[in-house]
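As structure tokens, the structure follows; a few thoughts come after it.
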Amino acid sequence: MSDTDLIDVTVAEIVQETPTVKSFRLVRADGEPIGSYTPGAHIDVVGPTAVTRQYSLCGTPDADDAYIVAVKREDLSRGGSSALHELAVGDTLRISRPRNVLGIDRAAAHHVLVAAGIGITPMLSMARYMDVHGISFELHYFARSAEEAAFLPLMQERCPTKLHAHLGIPRAEHDEVLGGLLTDLPAGSHVYTCGPDGFMDTVVAVAGRSLPEEAIHLERFHATEQPDASENTAFEVELEGEVYQVPADRSIVDVLQENGCDVDTSCQEGICGTCIMSVLSGTPEHRDNVLTASEKAANETMAVCVSRTRDARLVLDYY
Ligand code: FES
690 MSDTDLIDVT
700 VAEIVQETPT
710 VKSFRLVRAD
720 GEPIGSYTPG
730 AHIDVVGPTA
740 VTRQYSLCGT
750 PDADDAYIVA
760 VKREDLSRGG
770 SSALHELAVG
780 DTLRISRPRN
790 VLGIDRAAAH
800 HVLVAAGIGI
810 TPMLSMARYM
820 DVHGISFELH
830 YFARSAEEAA
840 FLPLMQERCP
850 TKLHAHLGIP
860 RAEHDEVLGG
870 LLTDLPAGSH
880 VYTCGPDGFM
890 DTVVAVAGRS
900 LPEEAIHLER
910 FHATEQPDAS
920 ENTAFEVELE
930 GEVYQVPADR
940 SIVDVLQENG
950 CDVDTSCQEG
960 ICGTCIMSVL
970 SGTPEHRDNV
980 LTASEKAANE
990 TMAVCVSRTR
1000 DARLVLDYY
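In the working numbering, the protein residues as written are 690 to 1008.
Take a look at the structure:
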């Protein structure tokens, strides 16, 4: 993502949703409509300390006047969430256009949203959209307590019959509780999850007992650990007839950008999907958290900021 792709926005409203979560209503600094987005989308926010983080849009997808993001202040924040919590109404930020790695799968007959903690944020726009458009869904919201469950009153008001709040359930019991929720789902159900990694891993494992991989969708907002870089090997990448050498200690995207290729990036951690490219030949070694398991198995696309190959050459194209 280049600087010119970013939009200047002003903080129009701040709401303290829980003791640790604030929501921010962002409008374009030039007064123009900010635009609608697809449910489940997120944006990059460049905070006051120039740290870029991804946040789900949690307002109404069809509205085009403002974006709403919710930020949990992390105890170990390296300047991202804590700096955003210092913002005041009238401050300005830079944001990216919305992107979506957790969209509603139109092939599904029923949608089961399973969120934990701040993972509720992408589910808000999805639930809102499905509620308004009469799409079959249910929303399961796990949180430590009602006080810590951001947007719980809003969801109780908007979709009381679809919302199932699971408050104060010990982690050790998640497997059993999720087992009860995710078995005997209606035919054609898809499951979507967002929350802490351990929680999502449990949802994926439990849902995977009865659903195919392509019916389980998840969104991570931070990278999982990468393999030991000392074991990386060098290889070649071909793009539009040009061949570039990717040394063991460089990423594909670094080499392509250095050679003037127009490859956009944002997170550089394999979580946002900005750098996805098409694979024309060769077998990627996928290291990202953005492609689904079936997309990785198909080997037709790859996230070139983190993924590599053990082949001698990859042939890529712009996506
Ligand atoms: S730049 Fe975000 S996935 Fe590659």
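Note that the Cβ used here is the ideal one computed from N, Cα and C, for glycine as well.
Item, Value
"Judging by CA-CA distance, which residue of 715, 878, 748 and 788 is the nearest neighbour of residue 964?", "788"
"List, from N- to C-terminal side, the beta strand (DSSP E) runs of 3 residues or more that fit wholly inside the stretch 845-893.", "852-856 and 878-883"
"If you measure from each CB to the nearest heavy atom of ligand 1 and keep those under 6 Å, what residues do you get, in chain order?", "954, 955, 956, 957, 959, 960, 961, 962, 963, 964, 977, 979, 992 and 994"
"Which residue spans inside the stretch 767-820 form an unbroken beta strand (DSSP E) run of at least 3?", "781-784 and 799-805"
"How should residue 846 be labelled, buried or exposed, when 16 other C-beta atoms within 10 angstroms of its C-beta is the threshold for buried?", "exposed"
"Name the two residues that bound the continuous alpha helix (DSSP H) containing residue 945.", "941-947"
"Could you give the distance in angstroms between the alpha-carbon of residue 875 and the alpha-carbon of residue 798?", "8 Å"
"Ignore the nearest five residues each way along the sequence and tell me which others in residue 814's own chain have a CB closer than 8 Å to its CB.", "726, 728, 729, 730, 745, 746, 747, 748, 749 and 750"
"List the endpoints of the continuous alpha helix (DSSP H) containing residue 712.", "Residue 712 -> not in any alpha helix (DSSP H); beta strand (DSSP E) instead, spanning 710-717."
"Spatial neighbours of residue 806 within its chain, please: CB distance less than 7 Å, with the 5 preceding and 5 following residues excluded, ordered by chain position.", "832, 884 and 885"
"For residue 946, which residues of its own chain have a beta-carbon under 7 Å away from its beta-carbon, when the five flanking residues on both sides are left out?", "952"
"Let me check understanding here. Comparing Cα to Cα, which of 701, 974, 859 and 992 lies closest to residue 777?", "701"
"Just grab the DSSP bridge partners of residue 761 for me.", "710"
"Any heavy atom of ligand 2 inside 7 Å of the beta-carbon of residue 998?", "You won't find ligand 2 in this model; what it holds is ligand 1."
"To the nearest angstrom, how far is it from the Cα of residue 1002 to the Cα of residue 710?", "46 Å"
"Does the separation of the CB atoms of residue 925 and residue 934 fall below 8 Å?", "yes"
"Are three or more beta carbon pairs between the stretch 755-764 and the stretch 821-837 nearer than 8 Å?", "no"
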